[in-house]
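Mapping of the sequence shown onto mature numbering (1 follows the signal peptide of the UniProt record, and there is no 0): residues -19 to -1, 1 to 122, in sequence order. Note that beta-carbon positions come from the ideal geometry of N, C-alpha and C, so glycine has one too.
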Amino acid sequence: MLNMIFALSILLLSSTVFSYNVPSEIHEDWVEVVNRIKMECLEQGNTTLEAVNAIYETWDIDESHNCFLKCVYEKDQYIDTEGHFTKALLQRKGLTKENVKDCEHAVEAYNKETCDRVYYFNKCIIPRAIDDFIHSTKDAA
């Protein structure tokens, strides 16, 4: 019984740690962006429609989706031909110049040609975007 309680506690903790409570406005904004081009990026990203749709459940993006993400960023011109993140990202809810700049700096060690750079940028930007969005809506209230 004690082992079962411990196992359930670990499971609950891990689901909390590895998922994000994304505000609906951010969720809807990004789902719209990805849905427009996801079919084009499935093959390049070596993933499935089911796997991509599962991202929307937790926003904990698995590393196996790194090339899918790069394709989305390229198609929506969130990265330029040299691999730099663009101002187009600032049109997305929750993103600010500061958090984009900070996360770009955090991933500068990754080769601009690889999918890992966009993946780790997302791991950096998602919690910041959520936090900034929540703070901005509280400040506006």
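Whole angstroms is fine: what's the gap from Arg73's alpha carbon to Asn27's?
25 Å
With DSSP as the reference, please indicate the residues paired to Phe102 in a beta bridge.
Note: Phe102 sits in no beta bridge, so no partner.
Ile18 by DSSP, collapsed to three states: which one?
helix
Got a sec? Which residues, its chain only, sit under 6 Å from Thr77 by beta carbon, not counting five neighbours each side?
Excluding sequence neighbours, Thr77 sits near Asp113.
Spatial neighbours of Arg109 in its chain, beta-carbon cut-off 6 Å, leaving aside the 5 residues before and after:
Asn80
Determine the closest residue to Cys84 out of Ile106, Ile18, Leu23, Leu50, with distance taken between C-alpha atoms.
Ile106
Could you tell me the boundaries of the alpha helix (DSSP H) in which Ala32 lies?
30 to 39 is the span of the alpha helix (DSSP H), which, as asked, contains Ala32.
Buried or exposed, going by whether 16 or more other CB atoms sit within 10 Å of the CB of Lys82?
Flag for Lys82 reads exposed.
For Phe49, the residue or residues it bridges with in DSSP
According to DSSP, which records beta bridges pairwise, Phe49 is partnered with nothing at all.
Does DSSP put Met111 in a helix, in a strand, or in coil?
The amino acid occupying residue 111 in the given sequence is Ile; Met does not appear at that position. Here Ile111 sits in helix by DSSP.
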